[in-house]
Amino acid sequence: MKKNLLVLSVVVAGLSVLLLTPLFTLAVAQEKEQMLNVGKGGDIVLSSETKLGDMTLRPGSYMVKYRLEGSDHFIHFTETGGEIASQCLPKGHLGELRCKLEPLVSKARQTAVYTTKEDGFSRVTKIVIKGENVAHLF
217 MKKNLLVLSV VVAGLSVLLL TPLFTLAVAQ EKEQMLNVGK GGDIVLSSET
267 KLGDMTLRPG SYMVKYRLEG SDHFIHFTET GGEIASQCLP KGHLGELRCK
317 LEPLVSKARQ TAVYTTKEDG FSRVTKIVIK GENVAHLF
């Protein structure tokens, strides 16, 4: 009797694992799925000379724009000058830098640049663009 009960318990436990594993996997997959809002642009102002990859950006105003080419992600920089970058005509295209995307919990409320100090210079590590739900990492 005890042997039959033990066998029955093992069978029920095994069936439970087999039946519940797909449901758990589906729940985890749905939790990780997130729509990315990218492709927007924003204006940034740098108050000091700042490094970004192999580029050095002078103090001033810049327009940043996300671009996708195949599976590669880029941020394009255009120097705009002036105090209010969005009202100025572009002065020059500085180029672009490949970036990686990191999902945010919600859409960014404002465009922001994150930097660290490296060898006496500021170095851009991340850019968040208003309206997007991803951060651009360098």
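Letter 89 of the sequence shown, counting from 1, is numbered 305 in the numbering used here, and no numbers are missing.
Just so it is clear, CB atoms sit at the ideal spot from N, CA and C, and this is done for glycine as well.
- Message: Taking only three categories from DSSP, how would you classify residue 267?
- Response: strand
- Nonlocal neighbours in the same chain, by C-beta distance under 7 Å from residue 275, ignoring five residues either side: 262, 263, 264 and 265
- Message: What would DSSP say about residue 321, mapped onto helix, strand or coil?
- Response: coil
- Message: Suppose you measure from the CA of residue 286 to the CA of residue 335; what does that come to, to the nearest Å?
- Response: 34 Å
- Item | residue 279 vs residue 296 beta-carbon contact at 7 Å | yes
- Answer with buried or exposed for residue 344, where buried requires no fewer than 16 other C-beta atoms within 10 angstroms of its C-beta. buried
- Task: Give the straight-line distance between the Cα atoms of residue 293 and residue 281, rounded to the nearest whole angstrom.
- Result: 7 Å
- Message: Is the beta carbon of residue 327 closer than 7 Å to that of residue 338?
- Response: no
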